[in-house]
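Scroll down for the structure; my scribbles are underneath it.
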Amino acid sequence: MASLTLRGIVRDYGTLRVIHGIDLDVAEGEFVVFVGPSGCGKSTLLRMIAGLDRPSGGDILIDGVRVNERSAAERGLAMVFQSYALYPHMTVRQNLAFGLENQRMPRAEIDRRIAEAARMLQIEHLLARKPGQLSGGQRQRVAIGRTVTREPGIFLFDEPLSNLDAELRVQMRVELSELHQRLGATMIYVTHDQTEAMTMADRIVVLRAGRLEQAGAPLDLYNNPANRFVAGFIGSPRMNFLNATVTEAGPGGVRVRVGDLPEIALAGIAGAASGETAVLGVRPEHLGFVDAGGLPGTVDLVEHMGGESYVYMTLGDGERITVRRPGQTALRSGEAVQAAVTAEGIAHLFRSGEGEPAYPRVGAA
Ligand SMILES: Nc1ncnc2c1ncn2[C@@H]1O[C@H](COP(=O)(O)OP(=O)(O)OP(=O)(O)O)[C@@H](O)[C@H]1O
Ligand SMILES: [Mg+2]
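Below, the structure written as structure tokens:
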């Protein structure tokens with residue numbers, strides 16, 4: 464297993480800068496997920512780590528050694544792409560063996576690695592088949608098997624599950640996490656799916672427009688997002704954002720007003736001044752309904768998930784919010800309700816700009 468360090472990585476295409484100086488340390492055995500919207504530079508970054516593309520500036524270190532000038536083959540990494548790129552005319556076994564044969568690895572060692580990878584990924588019974596005779600999930604397992612047989616220092620995955628249907632994605636997500644646990648391998652995984660990021664990562668790296676917005680354990684990002692962008696990206700359904708004015712700021716917290724709705728007291732928020740415009744952020748699961756004293760509005764739509772319910776509502780001033788309640792609800796479209804932050808719920812306060820730092824929470828973990 465290997466560690467990885469990125470120092471000031473920049474990538475320019477002509478005069479266009481798409482990666483703006485990324486610094487990151489990935490520890491041996493860590494599962495790091497790069498997440499961010501389309502075009503933010505996830506694949507570009509991964510390809511530079513893999514050695515398929517070169518940074519315009521900065522250093523890439525593997526186990527503390529600079530590898531900028533090393534070819535992909537010399538870096539000891541293995542990459543799985545979104546398109547699995549299996550050789551259609553070869554059997555699964557031949558696909559798994561191909562890269563190793565090219566390295567002139569002894570036959571016995573090749574057979575040992577294939578047997579081990581096939582057992583781990585439960586594709587032993589498929590070894591004689593060709594890719595055309597496999598399901599999407601089976602093909603994906605073969606593609607992953609090909610990286611496993613290489614025994615790389617670092618596994619690199621670029622949206623490997625995006626071609627699979629929802630159920631298979633969940634299954635493969637669990638399998639990949641288990642593979643990581645079994646191998647104790649260093650893995651870097653790219654996705655734009657925040658659920659995959661939350662469930663698989665030891666640490667999530669949130670990227671936006673070629674910049675690192677925040678890196679941390681999934682629940683750190685969920686509980687203490689550094690800014691509104693991260694807050695909106697992590698968590699599903701996404702956090703509610705309401706334009707607010709700070710009406711009172713004291714050592715214990717602030718009071719804010721949303722439109723002409725009743726004022727809301729927020730404990731434990733520092734750094735705001737009375738009169739400032741800000742954005743109140745509350746996750747759908749931190750809202751509930753009250754009989755009086757909440758934000759009044761009307762139910763637009765209820766989604767019944769069975770185990771929980773999503774209530775989409777419009778507040779009196781026209782802003783739309785989502786409330787997520789455990790269990791089932793009898794609420795219906797058109798009903799008048801009042802939403803409020805629950806006793807155990809958390810309200811965040813952000814500066815107006817999407818990338819500006821959140822107001823600090825005093826006493827937050
Ligand atoms: N060869 C190129 N020439 C110019 N711009 C490029 C080139 N390749 C990528 N880009 C730009 O670099 C940016 C990052 O692209 P990249 O493929 O890394 O995004 P991504 O985060 O992987 O997105 P997605 O989720 O859609 O795969 C994009 O704005 C893209 O248009
Ligand atoms: Mg990409």
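Throughout, the numbering used here is defined as the position within the sequence shown, counted from one, plus 463. Ideal Cβ placement from N, Cα and C applies to all residues, glycine included. Bear in mind the structure is a predicted one, so any value in this text is a computation, not a measurement.
Burial state of Tyr550 is exposed, judged by a 10 Å Cβ sphere holding fewer than 16 other Cβ atoms.
Residues of the same chain with a CB within less than 6 Å of the CB of Pro789, apart from the 5 flanking positions on each side, are Glu771 in chain order.
Relative to the Cα of Thr554, the nearest Cα in the group Ile523, Ile586, Met568 belongs to Ile586. In terms of Cα proximity to Met583, the closest of Glu798, Arg609, Gly599, Gly539 is Arg609. Inclusion of Arg636 and Thr662 in the CB contact set at 8 Å is warranted, their separation being smaller than that value.
Nearest neighbour of Glu493 by Cα position, chosen from Arg533, Asp475, Ile667, Thr658, turns out to be Ile667.
For the 8 Å CB-CB criterion, Asp780 and Leu743 do not form a contact.
In terms of Cα proximity to Ile525, the closest of Leu590, Ser466, Gly769 is Ser466.
Rounded to whole angstroms, the Cβ separation of Arg480 and Gly673 is 7 Å, and the two are in contact under 8 Å. Cβ contact annotation for Arg529 (same chain, cutoff 8 Å, sequence separation greater than five): Asp522, Ile523, in chain order. Check the Cα spacing between Gln557 and each of Gln801, Thr649, Ile577: the tightest is with Ile577. In the displayed model, Thr649 falls within a strand according to three-state DSSP. For the region 574-625, the continuous beta strand (DSSP E) assignments of 3+ residues that do not extend past its boundaries occur at 617-621, in sequence order. If you look at Tyr476, you'll find it isn't in any alpha helix (DSSP H); it sits in the beta strand (DSSP E) that goes 467-476. Only exposed fits Tyr476, as fewer than 16 other CB atoms lie within 10 angstroms of its CB. The Cβ-Cβ distance between Val653 and Phe620 falls below 8 Å. A direct Cα-to-Cα measurement between Ala678 and Leu684 gives close to 8 Å. Taking Ala660 as reference, the option from Gly471, Val496, His483 with the minimal CA-CA separation is Val496.
For Ile727, the uninterrupted beta strand (DSSP E) segment begins and ends at 727-730. Using a Cβ distance threshold of 8 Å, Leu764 and Ala803 do not count as a contacting pair. Every residue with a CB closer than 7 Å to a heavy atom of ligand 2 is listed here in chain order: Lys505, Ser506, Asp621, Glu622, Val653.
For Thr740, the closest C-alpha among the options Tyr775, Phe704, Asp754 is that of Phe704. As the crow flies, the alpha-carbon of Lys593 is around 21 Å from that of Asp628. Taking all protein chains in view, the Cβ of Gly716 is crowded by 16 or more other Cβ atoms within 10 Å, so the residue is classified as buried.
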